[in-house]
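K.L.:
There are 2 protein chains.
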Amino acid sequence: MPVRRREKTGKSDRPVTSFISTYENKVDRKGRVSVPAAYRSALGTETYQGVIAYPSLTEGTIEAFGRGMLDDLNRRKLDQTLDGGDFTQALVGKSDDGLVETINAISSELPFDGEGRIILPAKLAEHAGITDRATFVGRGTRFQIWAPEIYEKHQAAEVEALRARLSGGTVV
Amino acid sequence: MPVRRREKTGKSDRPVTSFISTYENKVDRKGRVSVPAAYRSALGTETYQGVIAYPSLTEGTIEAFGRGMLDDLNRRKLDQTLDGGDFTQALVGKSDDGLVETINAISSELPFDGEGRIILPAKLAEHAGITDRATFVGRGTRFQIWAPEIYEKHQAAEVEALRARLSGGTVV
DNA sequence: TGGAATATCATGGGTATTTATGGGAGTCAA
DNA sequence: TTGACTCCCATAAATACCCATGATATTCCA
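For the record, the sequence lines run as chains L and W.
Residues 0 to 171 (numbering that gives the first Met the number 0) are what the first sequence spells out, left to right.
Residues 0 to 171 (numbering that gives the first Met the number 0) are what the second sequence spells out, left to right.
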């Protein structure tokens, strides 16, 4: 039995899943959309077959990642508090800034169907302005789901801002 | 090398049950309300088929979790005391002492009926201002039951506070 | 090396199950 | 009896599960 040294830090042995590149997929009449196969295989190590998603607090997009990420957050929080004998937070949830708790509240569990699709809840789709197409954008440890038109503009602006900042130098 | 002693920490191997997302369900004439299926399956590993609930000490909502969580709390508290927790408490001056005991006292066991519903005791419903609808809010290791109108306002304020704090980056 | 056989993927649609919800019949106690 | 509560059943809607297809990409082998 491998020795695990997680009781102090609450850090898990879960490998870092990496989401890279962008894909544009269709959203069908039932609200289903295929999660890019590359993303699914990045999530392959997780037991829960699906993703966690919530509306971005700062942009018109959907944030998403594996269930393992959220479990890590919750476990870390619980262990930290109880190990310190701090029952108050575990029971009342006060001393925290509310971030983890809020994320739990506004997140949705989106399980894969047999074909690796998820159903976009109406609320999320609406928040991102998604109707019949969705752009998946890899952001390393997480990914985003945009309405294609909106993402294009957003992306162009992002590049433009970078270019302006790097004027004279090389554009990355 | 430190050997992990479960008896010391009181930590259980119970997996972190994660309550995620929010659901709004009806409360019928008999005071029954369906616990979201996702929450029930999160509790699936527990022997006791039902939830533990108590009025929040700080807000107008009902706090709830599985029996396993309460057992964990009691066990940790016991371990703490046996390990000289009184001593620790005297030194650190933690005021958690009465909390766990109080929670035990004011908690209700709400068993599921055949359809996965619980009956909201009048006192709890009243405390939360719940009449004919109830919003279940996942908070990771526990969940809350709110009156929908009240939760909406509370939630909006919560998100607004977070948004204000975020510099425009991503949350997690 | 060229091209056929094979595998993977995104997509569509049909069907079976589950879930939330309502109501009725039986039980127990005051 | 009157409630309060537990089972049990019914149903509409939401969801999960199943199979089919075309488009790419990959492998294999003569």
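Where is the CB? At the ideal position from N, CA and C, for every residue including glycine.
None of the values given here were measured: they were computed from a predicted structure.
Output yes or no for whether 8 Å exceeds the beta carbon distance between leucine 109 (chain W) and isoleucine 102 (chain W).
P.N.:
no
K.L.:
Would you list, in sequence order, the uninterrupted alpha helix (DSSP H) runs of no fewer than 4 residues that lie entirely inside the region 19–92 of chain W?
P.N.:
36–41, 66–79 and 85–91
K.L.:
Provide the residue span of the alpha helix (DSSP H) that contains threonine 134 (chain L), from first to last.
P.N.:
Here threonine 134 (chain L) belongs to no alpha helix (DSSP H); instead the beta strand (DSSP E) covers 132–137.
K.L.:
Please name the residue in W:Leu72, W:Phe135, W:Ala127 and W:Gly49 whose C-alpha comes closest to that of glutamate 114 (chain W).
P.N.:
W:Gly49
K.L.:
Given 8 Å as the limit, is there contact between the region 15–28 of chain L and the region 126–137 of chain L, that is, 3 or more CB pairs closer than that?
P.N.:
yes
K.L.:
DSSP three-state label for isoleucine 144 (chain L), please.
P.N.:
It is a strand residue.
K.L.:
Going by beta carbon distance, what residues of the same chain come within less than 8 Å of leucine 90 (chain W), once the five residues before and after it are set aside?
P.N.:
Summary for leucine 90 (chain W): the model assigns pLDDT 44, below 50, so the residue's position carries little reliability; its value from the coordinates is reported in the next sentence. Counting only Cβ-Cβ distances below 8 Å, and skipping sequence neighbours, we find nothing.
K.L.:
Run through DSSP, which three-state label would glutamate 188 (chain W) get?
P.N.:
Coverage of chain W is limited to positions 0 through 171, which leaves residue 188 (chain W) absent and any answer about it impossible.
K.L.:
Taking Cβ-Cβ distances shorter than 7 Å, what residues in chain L pair up with serine 20 (chain W)?
P.N.:
Ser106, Ser107 and Glu108
K.L.:
Keeping to the same chain, check which residues put their C-beta closer than 8 Å to that of isoleucine 51 (chain L); ignore five residues upstream and five downstream.
P.N.:
Ala63, Phe64, Gly65, Arg66, Met68, Leu69, Ser106, Ser107, Glu108 and Leu109
K.L.:
Going along chain W in order, which residues have a C-beta closer than 9 Å to the C-beta of valine 50 (chain L)?
P.N.:
Ordered by position in chain W, no residue passes the 9 Å Cβ test against valine 50 (chain L), which lies about 12 Å from the chain.
K.L.:
Would you say valine 34 (chain W) and arginine 116 (chain W) are within 8 Å of each other, going by their C-beta atoms?
P.N.:
In this structure, arginine 116 (chain W) lies closer than 8 Å to valine 34 (chain W) by Cβ.
K.L.:
Just the C-alpha distance for glycine 43 (chain W) and isoleucine 129 (chain L), rounded to the nearest angstrom, thanks.
P.N.:
34 Å
K.L.:
Mind checking which residues open and close the beta strand (DSSP E) that includes isoleucine 118 (chain W)?
P.N.:
116–118
K.L.:
Is there at least one Cβ from chain L nearer than 8 Å to serine 33 (chain W)'s Cβ?
P.N.:
no
K.L.:
Determine the contact status of glycine 30 (chain L) and alanine 124 (chain L), defining contact as a CB-CB distance below 8 Å.
P.N.:
yes
K.L.:
Exposed or buried, what is valine 32 (chain W) when buried is set at 16 or more other beta-carbons lying within 10 Å of its beta-carbon?
P.N.:
buried
K.L.:
Please report the straight-line C-alpha distance between aspartate 78 (chain W) and serine 40 (chain L), rounded to a whole angstrom.
P.N.:
43 Å
K.L.:
Would you identify the three-state DSSP class for glycine 113 (chain L), choosing helix, strand or coil?
P.N.:
Secondary structure at glycine 113 (chain L): coil, using DSSP grouped into helix, strand and coil.
K.L.:
Just to make sure I have the definition right: I need the residues of chain L whose C-beta is within less than 9 Å of the C-beta of alanine 37 (chain W). Which are they?
P.N.:
Glu108
K.L.:
From the beta carbon of threonine 60 (chain W), is the nearest beta carbon of chain L less than 8 Å away?
P.N.:
no
K.L.:
Does the CB of glutamate 100 (chain L) have a neighbour CB from chain W at under 8 Å?
P.N.:
yes
K.L.:
Give a yes or no on whether the minimum CB-CB distance between lysine 122 (chain L) and chain W is below 8 Å.
P.N.:
Taking CB atoms only, lysine 122 (chain L) has no neighbour in chain W less than 8 Å away.
K.L.:
Measure the beta-carbon distance from alanine 182 (chain W) to isoleucine 144 (chain W) and round it to whole angstroms, keeping in mind my assumption that it falls under 8 Å.
P.N.:
Because chain W here runs from 0 to 171, residue 182 (chain W) falls outside it and cannot be looked at.
K.L.:
Which same chain residues end up closer than 7 Å to glycine 92 (chain W) when comparing Cβ atoms and leaving out the 5 residues on each side of it in sequence?
P.N.:
Model confidence at glycine 92 (chain W) stands at a pLDDT of 45, short of 50, so the residue's coordinates are unreliable; what they give is reported in the following sentence. So no residue of the chain qualifies.
K.L.:
Residues of chain L with CB closer than 8 Å to the CB of threonine 44 (chain W), please, in chain order.
P.N.:
Residues of chain L passing the Cβ test: none, with the nearest at roughly 13 Å.
K.L.:
So with Cβ pairs under 8 Å, would you call glycine 137 (chain W) a contact of chain L?
P.N.:
At least one chain L Cβ lies under 8 Å of glycine 137 (chain W).
K.L.:
Buried or exposed: where does alanine 104 (chain L) fall if 16 or more other Cβ atoms within 10 Å of its Cβ makes it buried?
P.N.:
buried
K.L.:
I want to see whether chain L comes within less than 8 Å of alanine 89 (chain W), judged by CB atoms only; does it?
P.N.:
With a pLDDT of only 43 at alanine 89 (chain W), under 50, the local geometry of the prediction cannot be trusted, and no value is derived from it.
K.L.:
Just to confirm my understanding: we take alanine 146 (chain W), look at its own chain, exclude 5 residues before and 5 after, and list those with CB closer than 6 Å. What are they?
P.N.:
Ala127, Gly128 and Ile129
K.L.:
I need the straight-line Cα distance from tyrosine 38 (chain L) to tyrosine 47 (chain L), nearest angstrom please.
P.N.:
14 Å
K.L.:
Where do the N-terminal and C-terminal ends of the alpha helix (DSSP H) with leucine 123 (chain W) fall, by residue?
P.N.:
Leucine 123 (chain W) -> alpha helix (DSSP H) spans 121–127.
K.L.:
Once DSSP output is grouped into helix, strand and coil, what is the label at glycine 97 (chain W)?
P.N.:
Correct three-state label for glycine 97 (chain W): helix.
K.L.:
Is it buried or exposed, threonine 57 (chain W), if we count other Cβ atoms within 10 angstroms and call 16 or more buried?
P.N.:
So threonine 57 (chain W) ends up on the exposed side.
K.L.:
Figure out for me which residue from L:Leu165, L:Lys122, L:Glu151 and L:Val158 has the closest Cα to the Cα of proline 54 (chain L).
P.N.:
L:Lys122
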